[in-house]
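One structure is given here, and the rest of the page talks about it.
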Amino acid sequence: MQPIIEVTDLTYMYRSGSGKNVLALNGVTMQVYRGEILAITGQNGSGKSTLARHFNALLTPKSGTVIVDGLSVADKKNTAIIRRSVGMVFQNPDNQLVSSVVEEDIAFGPENLGLPQAEIVDRVDWALESLNLGAYRHRSPNSLSEGQKQLVAIAGVLAMKPQCIILDEPTAHLDPKGRCEVLENVLRLNRDEGITTILLTHFMNEVVHCDRMIVMDQGQIKMTGTPRDLFKLADQIKALGLDLPPASQLAHGLKLKGLALPGNILTLEELVNSLCQLP
Amino acid sequence: MSLSVRKIVISGILGAISILLGVTRLGFIPVPTPAGHATIMHIPAILGGVLEGPVVGLITGAIFGLFSFLQPGAPFFADPLVSIFPRLFIGVVAYLVYFATKRINTVLACVLAGAVGSATNTILVLGMATIRGYLPSEVSVSIGVLHGVPELIVAAILTVILVKGIRRIRPEEENEPQP
Amino acid sequence: MPITVKDLCFSYQKGTPFEKKVLHNISLTIDDGEFVGIIGPTQSGKTTLAQHFNALLMPHGGSVTVNGYLTSDPQADLVDLRLKVGYVFQNPDYQLFAQTVGEDIAFGPQNQKLNKEEIKERVAAVMAQVGLDYDTFNQRDIYALSGGQKRRAAIAGVLACKPEILILDDVTAGLDPRGREEIMTVIRDLHQKQKITIIFISNSMDEAAELAERVIVIDQGRIFLDGAVREIFKQSAQLRSIGLEIPEVISVIEMLQKRGCVLPTIPLNLAEAIDCIATAYREREENR
Amino acid sequence: MELTKNITLGVYLPGKSFIHRLDPRTKIIASGIIISLLLIIRSYPAYGVVFLFVAAAVLIAGIPAGYAFSGFKPMLPVLIFMWIFQLFLYSSSDAKTLFSWWIFSATDAGFHMGALVTLRVIFLFGVTTLLTLTTSMVSLTDGLESLLSPLKAIGLPTQELVMTMVIALRFVLILAEELDKIIKAQMARGVAFDRGNFIQKTKKIFPVFLPLFISAFKRAEELIIAMEARSYTGGRHRTKMKTLHLGRVDLEAGLIMIAFTALIIYLILITVPPI
Chain P
-11 MQPIIEVTDL TYMYRSGSGK NVLALNGVTM QVYRGEILAI TGQNGSGKST LARHFNALLT
49 PKSGTVIVDG LSVADKKNTA IIRRSVGMVF QNPDNQLVSS VVEEDIAFGP ENLGLPQAEI
109 VDRVDWALES LNLGAYRHRS PNSLSEGQKQ LVAIAGVLAM KPQCIILDEP TAHLDPKGRC
169 EVLENVLRLN RDEGITTILL THFMNEVVHC DRMIVMDQGQ IKMTGTPRDL FKLADQIKAL
229 GLDLPPASQL AHGLKLKGLA LPGNILTLEE LVNSLCQLP
Chain S
816 MSLSVRKIVI SGILGAISIL LGVTRLGFIP VPTPAGHATI MHIPAILGGV LEGPVVGLIT
876 GAIFGLFSFL QPGAPFFADP LVSIFPRLFI GVVAYLVYFA TKRINTVLAC VLAGAVGSAT
936 NTILVLGMAT IRGYLPSEVS VSIGVLHGVP ELIVAAILTV ILVKGIRRIR PEEENEPQP
Chain Y
2 MPITVKDLCF SYQKGTPFEK KVLHNISLTI DDGEFVGIIG PTQSGKTTLA QHFNALLMPH
62 GGSVTVNGYL TSDPQADLVD LRLKVGYVFQ NPDYQLFAQT VGEDIAFGPQ NQKLNKEEIK
122 ERVAAVMAQV GLDYDTFNQR DIYALSGGQK RRAAIAGVLA CKPEILILDD VTAGLDPRGR
182 EEIMTVIRDL HQKQKITIIF ISNSMDEAAE LAERVIVIDQ GRIFLDGAVR EIFKQSAQLR
242 SIGLEIPEVI SVIEMLQKRG CVLPTIPLNL AEAIDCIATA YREREENR
Chain A
132 MELTKNITLG VYLPGKSFIH RLDPRTKIIA SGIIISLLLI IRSYPAYGVV FLFVAAAVLI
192 AGIPAGYAFS GFKPMLPVLI FMWIFQLFLY SSSDAKTLFS WWIFSATDAG FHMGALVTLR
252 VIFLFGVTTL LTLTTSMVSL TDGLESLLSP LKAIGLPTQE LVMTMVIALR FVLILAEELD
312 KIIKAQMARG VAFDRGNFIQ KTKKIFPVFL PLFISAFKRA EELIIAMEAR SYTGGRHRTK
372 MKTLHLGRVD LEAGLIMIAF TALIIYLILI TVPPI
């Protein structure tokens, strides 16, 4: 598979408010493949946001390289093109919506790209439809639920027709229902539109649905692999301050109690099936 | 003149606070005078000037002025020359005072910026209200003293505390305003 | 300090064209020493209800009585009442404002006009209760704390007022697993060791199941269910009908029951679920 | 304790009247013309015409008179004070004393001065209220952006300036909810906002203002990043989804405005100001 983003030996340091130097990324090397959905997980402060912000040139490498679709992030001339191809959705929907009208907010990105008016209208209609937001197009984001607001934010990025969308803890502020809504839509966009998706999260039942996962800690990548392979390693995951998905956690506990379950259970259905097949 | 994204966003959000203080009436501190209350709605403009420079101070003041024109809290603010025009200067003056005195001591500079910024608001608004004939000069002077002085004190203290507080959450290089 | 609510009604924007009724005839009693979880979909009125318990909102109909005092009584000392019923908001940034952790926690006691020694003692005591080491954190800048530490500092700031009832409004939202575990441990300890009555508002069914002894389910401004935690979670079909998610540990038992496995209990946490399933399978093996 | 209750930000009354259907630019320009005229009018007949004009506009827009007046009520005492101040304190050389009371004497010049400025603010208030009641804040900013755009030629960043207003409007309600929670969080720690003297009350501002401003600045930092991530670099290469179109109603309104302006200027020229 062809990588769309290639990170080589990336290091990033910043000065904190109290004047200390913080090493946020320490020698990170990784790839994001076209069309995949990749989860990046790790405790707060593990460096996952800092890493993701390099992918659309919000940060530029202090050392090492980040290549997006063949273009180096370090070169300022590439910034506009990179931001066109890599969109980003943030944690708090209130702090990323600009306009007081849903459809105008979704138009914000395409307007910034200087597209012709007819094209903007088409894209806004398409983005609204893709995320089932048509009914809210003339509403104010303030009147929507947090989950719906986050969908508006995703629609705003989608309308820019990026090749890749980064979602930086998009569900951390949402209630369980909103989390479900957002996750379902993200998975569907990845499947139907083929948009490469990078999901930053610490909800393991979201990670379960991803093609690949990366676990970060203290600015370094500690684990890379498929969720099925990595969640077998319960002790390592826990040592990095993360939970297992509930089903894996149950399976792990039951195995310790002597039940002969397979090690790579991810969902409740799999767990129940395995339990029922026990002799 | 060009405006960075940073200046646009911070002016907008400080402007929102100004409007908010007006619509919730929290921007009014009851002062023991017959005329009612002193205002702190101009504090965001002062902060804009001190923290982000004269342009942000000017725009924040303009939003404050425009809003008090569209939803006037006192009758003569329906006159744009009284509501909008004087507010353009609050943040700019605060910036100039801060810039001129920060070498001596930044705390002192904040106190002076807050006080002079506040006085700018009081003097220009009442001055325009007098020139435009809404208030006789005697009344303006007494309102100026009764309201202007407590406003000035509150603005000076709030500026110091807020500037110090906000700087704690920001990386160092962003902490001096760029003109 | 029992709380009694009778026929409580409340509307937002009352008297304007935008008036919206958010609480309909709510009646309930919360006794000393209870650990009550208030759960319900977003916008169901949980927070609005809880804000009546310490007179942050006043009823538009019915009454709220805390420790024998009507909150709507013009003679009631609301400041005193609010100190006895602590309220911690979801976002600690709404509350923290002082330079250092110690100063911020001291803010409540200062409002109570305590002397310096007493304040210092209280600060040290509550910091211990929330697991913040006094020597390490007393002088720490508020903004240099991690998410979990900030929330603990906010809880400490409310505890310092010596509340007899503590209302926690969605205090685990947005934390990572480790931060959430820290807070849950603190809350459990406050109830078990300090014997504080706790009212825990949450969107997370898992946390409510794990912590609370009694659960009140609110839907569309009305009490939907009210009872002991196990009784409530037995009624999973009803909970699902108002859009609530059932904790995974309970779902798995249900799924097994559908497949013909008979499991006796409703587990409230992971350990119980594991025990429950493991025991059932062991018995099955022995029977064979 | 419910702060958002009193927020009447841009109390827009949606409708389909002649005035509602006007392009926002037409309404802004028309309001601008009336406001400018009001700033120079010193004649009662001209005020009479303005009254008829504004009253007709209120009727056409279908705004209930009681509703239009309700916003005005709290200002009445101040208006009366303003008039009384001028009545007794305004001085000019040829003023005639109407009556005296203690050390004060009311003059005819003071009476007219008071009357003129009071009428002026009443009508100014009427015009801005009419504008905000019939135009949503969003179309106001759209109209403003379009009207200001010629100023780009002299180097003014008009799109960016309007963007600051768009952001301000978006954040007022968000910050209002936040403010409500901050105040409640501090009340729950024993702050009694309604107690104490001036100094004590002032001190109680800090535990509210500091979290409010800190949160506002944090939100600002996040919004800056979010806007940059969505390729915002200022107004230069931007296009717009919506463009405004002038219609027949705007032409009609334009003609009415020309007639109105001519009449007012004529009245200003032929009448002698009372002072």
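Chains as they are written, first to last, in the working numbering: chain P, -11 to 267; chain S, 816 to 994; chain Y, 2 to 289; chain A, 132 to 406. Using N, Cα and C, we set each Cβ at its ideal position, and we do this for glycine too. Bear in mind that the values here come from a model prediction, so they are computed numbers and not experimental data.
Handout entry: Neighbour list for A:ILE407 in chain S, Cβ cutoff strictly below 7 Å
Key = Missing from the structure shown is residue 407 of chain A; chain A here goes from 132 to 406 and no further.
Practice task
Reducing DSSP to helix, strand and coil, say where S:ALA928 ends up.
Solution key: Your numbering for residue 928 of chain S matches position 113 in the second sequence. Residue state, collapsed to three classes: helix.
Problem - Beta carbon of A:THR295 nearer than 9 Å to that of S:ILE878 - result: Position 164 of the fourth sequence, counted from the start, is the residue given in the question as residue 295 of chain A. Position 63 of the second sequence, counted from the start, is the residue given in the question as residue 878 of chain S. Yes, Cβ-Cβ distance for A:THR295 and S:ILE878 is below 9 Å.
Exercise for the section: Closer than 8 Å by C-beta to P:LEU249: which residues in its own chain qualify, once you throw out the five before and the five after it? Chain order, please. Expected result: Stepping through the first sequence from its first residue, residue 249 of chain P is reached at position 261. Closer than 8 Å at Cβ, skipping near neighbours: ALA239, LEU242, LYS243, LEU259, SER262, LEU263, LEU266.
Exercise for the section: Indicate the three-state DSSP secondary structure (helix, strand or coil) for Y:ASP171 in the structure shown. Expected result: Here residue 171 of chain Y refers to the residue found at position 170 of the third sequence. Correct three-state label for Y:ASP171: coil.
Exercise for the section: Count the C-beta pairs between the region 155 to 163 of chain Y and the region 97 to 107 of chain Y that are closer than 8 Å, then say yes if the count reaches three, no if not. Expected result: The region 155 to 163 of chain Y and the region 97 to 107 of chain Y touch, with no fewer than 3 CB-CB distances between them shorter than 8 Å.
Problem - Proximal residues to Y:ALA174 (C-beta, below 6 Å), its chain only, five neighbours per side dropped - result: Taking the first residue of the third sequence as 1, we reach residue 174 of chain Y at position 173. Take Y:ALA174, set aside five residues on each side of it, and the residues of its chain with a beta-carbon closer than 6 Å to its own are GLN91, in chain order.
Practice task
Put S:PRO849 into one of helix, strand or coil per three-state DSSP.
Solution key: To locate residue 849 of chain S, count along the second sequence from 1; it is residue 34. Only weak support is given to the placement of S:PRO849: the predicted model assigns it a pLDDT of 47, under 50, and the question is left unresolved by the model.
Exercise for the section: Just the C-alpha distance for P:GLU257 and P:SER236, rounded to the nearest angstrom, thanks. Expected result: Taking the first residue of the first sequence as 1, we reach residue 257 of chain P at position 269. Taking the first residue of the first sequence as 1, we reach residue 236 of chain P at position 248. The C-alpha of P:SER236 is placed about 11 Å away from the C-alpha of P:GLU257.
Handout entry: P:ARG173 burial status per 10 Å Cβ neighbour count (16 or more: buried)
Key = Translated into positions along the first sequence, residue 173 of chain P becomes position 185. It should be noted that the sequence gives Asn, not Arg, for residue 173 of chain P. P:ASN173 counts as buried, since at least 16 other C-beta atoms from the protein chains shown sit within 10 angstroms of its C-beta.
Problem - Short-range partners of chain S found in the region 135 to 168 of chain Y, where Cβ spacing is below 7 Å - result: From the region 135 to 168 of chain Y, only ASP142, TYR144 have a Cβ closer than 7 Å to chain S.
Problem - Proximity below 9 Å, CB of P:GLY52 to CB of P:GLY229 - result: The residue given as residue 52 of chain P occupies position 64 in the first sequence. The residue given as residue 229 of chain P occupies position 241 in the first sequence. Cβ atoms of P:GLY52 and P:GLY229: not closer than 9 Å.
Exercise for the section: Hey, could you find the ends of the alpha helix (DSSP H) A:THR289 is sitting in? Expected result: Within the fourth sequence, residue 289 of chain A is the residue found at index 158, counting from 1. 289 to 318 is the span of the alpha helix (DSSP H), which, as asked, contains A:THR289.
Practice task
Kindly indicate which residue of A:SER362, A:TYR175, A:PHE230, A:SER148 has the alpha-carbon position closest to the one of A:ILE395.
Solution key: Your numbering for residue 395 of chain A matches position 264 in the fourth sequence. Of A:SER362, A:TYR175, A:PHE230, A:SER148, the residue nearest in Cα terms is A:TYR175.
Problem - chain A contact for P:GLU172 (CB, 9 Å cutoff) - result: Against the first sequence, residue 172 of chain P aligns to sequence position 184. No, no contact with chain A.
Practice task
Find out if the Cβ-Cβ distance for the pair Y:ILE188, Y:ILE31 is shorter than 9 Å.
Solution key: For this step, residue 188 of chain Y is matched to residue 187 along the third sequence. For this step, residue 31 of chain Y is matched to residue 30 along the third sequence. At least 9 Å separates the beta-carbon of Y:ILE188 from that of Y:ILE31.
Handout entry: Inter-residue spacing [alpha-carbon to alpha-carbon] between P:ASP199 and A:TYR143
Key = For the purposes of this step, residue 199 of chain P is taken as the residue at position 211 of the first sequence. For the purposes of this step, residue 143 of chain A is taken as the residue at position 12 of the fourth sequence. For P:ASP199 and A:TYR143, the gap between their C-alpha atoms comes out near 49 Å.
Problem - Every unbroken beta strand (DSSP E) inside the region 184 to 243 of chain P [3 residues or more] - result: Runs of the beta strand (DSSP E) lying entirely within the region 184 to 243 of chain P, each at least 3 residues long, are 184 to 188, 200 to 205, 208 to 213 in chain order.
Practice task
May I ask you to list, following chain order, the residues of the region 189 to 211 of chain A that have a beta carbon less than 7 Å from some beta carbon of chain S?
Solution key: When CB distances to chain S are screened at a threshold of 7 Å, the residues of the region 189 to 211 of chain A falling below it are MET206, VAL209, LEU210, in chain order.
Exercise for the section: Could you tell me whether the Cβ atoms of A:LYS107 and Y:GLN52 are closer together than 9 Å? Expected result: Beyond the ends of chain A as shown, which are 132 and 406, falls residue 107 of chain A; an answer cannot be given.
Problem - Local Cβ density within 10 Å of P:ASN120, reported as buried at 16 or more and exposed below that - result: The residue given as residue 120 of chain P occupies position 132 in the first sequence. By the Cβ neighbour-count rule, P:ASN120 is exposed, with fewer than 16 other Cβ atoms within 10 Å of its own.
Exercise for the section: Hey, could you find the ends of the alpha helix (DSSP H) Y:GLU52 is sitting in? Expected result: Taking the third sequence and counting its residues from 1, one reaches residue 52 of chain Y at position 51. Glu is not the amino acid found at residue 52 of chain Y; the sequence shown has Gln there. If you look at Y:GLN52, you'll find it in the alpha helix (DSSP H) that goes 47 to 54.
Exercise for the section: Tell me whether the beta-carbon of A:PHE102 lies closer than 9 Å to the beta-carbon of S:ILE984. Expected result: Given a span of 132 to 406 for chain A in the structure shown, any question on residue 102 of chain A remains unanswerable.
Exercise for the section: Answer yes or no: does any C-beta atom of chain Y fall closer than 9 Å to that of P:ASP199? Expected result: Numbered from 1 along the first sequence, position 211 holds the residue referred to as residue 199 of chain P. So, not an interface residue.
Practice task
Run down chain P in chain order and give the residues with a C-beta less than 7 Å from the C-beta of Y:GLY41.
Solution key: One-based indexing of the third sequence puts residue 41 of chain Y at position 40. The contact set of Y:GLY41 on chain P, defined by CB atoms closer than 7 Å, is empty, because the minimum CB distance reaches about 10 Å.
Problem - P:GLU92 to A:ILE159 span [Cα, whole Å] - result: To locate residue 92 of chain P, count along the first sequence from 1; it is residue 104. To locate residue 159 of chain A, count along the fourth sequence from 1; it is residue 28. Distance between the alpha carbons of P:GLU92 and A:ILE159: 21 Å.
Problem - Inter-residue Cα distance where the pair is Y:VAL127 and Y:ILE197 - result: For the purposes of this step, residue 127 of chain Y is identified with residue 126 of the third sequence, where counting begins at 1. For the purposes of this step, residue 197 of chain Y is identified with residue 196 of the third sequence, where counting begins at 1. If I take the Cα positions, the gap works out to 13 Å.
Exercise for the section: Could you tell me whether any Cβ in chain Y is nearer than 9 Å to the Cβ of A:ALA323? Expected result: Counting from one through the fourth sequence, the residue named residue 323 of chain A turns up at place 192. Closer than 9 Å to some Cβ of chain Y, the Cβ of A:ALA323 qualifies, so yes.
Problem - Reduced DSSP secondary structure (H/G/I, E/B, other) of A:ASP154 - result: Against the fourth sequence, residue 154 of chain A aligns to sequence position 23. A:ASP154 falls in the coil class under three-state DSSP.
Exercise for the section: Kindly say whether P:SER34, judged by its beta-carbon, lies nearer than 9 Å to any beta-carbon of chain A. Expected result: Translated into positions along the first sequence, residue 34 of chain P becomes position 46. Contact of P:SER34 with chain A is not assigned, every C-beta pair being separated by 9 Å or more.
Practice task
Starting from Y:MET185, follow the alpha helix (DSSP H) in both directions and report where the run begins and ends.
Solution key: Sequence index remark: in the third sequence, residue 185 of chain Y carries index 184 (1-based). Y:MET185 -> alpha helix (DSSP H) spans 178 to 193.
Exercise for the section: Could you tell me which residues DSSP pairs with P:CYS264 in its beta bridges? Expected result: As a first step, residue 264 of chain P must be located in the first sequence, where it is residue number 276. In the DSSP output, where bridge partners are listed per residue, P:CYS264 has none listed.
Problem - Classification of Y:PHE11 by the beta-carbon crowding that lies within 10 angstroms, buried from 16 upward - result: Along the third sequence, read from residue 1 onward, the residue named residue 11 of chain Y stands at position 10. Result: buried.
Practice task
May I ask you to report which of helix, strand or coil DSSP gives P:GLN19?
Solution key: Numbered from its first residue, the first sequence carries residue 19 of chain P at position 31. Residue state, collapsed to three classes: strand.
Problem - Neighbour flag for S:GLY864 against chain A, beta carbons, 9 Å - result: For the purposes of this step, residue 864 of chain S is taken as the residue at position 49 of the second sequence. Output row for S:GLY864: interface = no.
Problem - Burial state of Y:GLN96, where buried means 16 or more other Cβ atoms lie within 10 Å - result: Translated into the one-based positions of the third sequence, residue 96 of chain Y becomes position 95. Looking at its Cβ environment, which holds 16 or more other Cβ atoms inside 10 Å, Y:GLN96 is buried.
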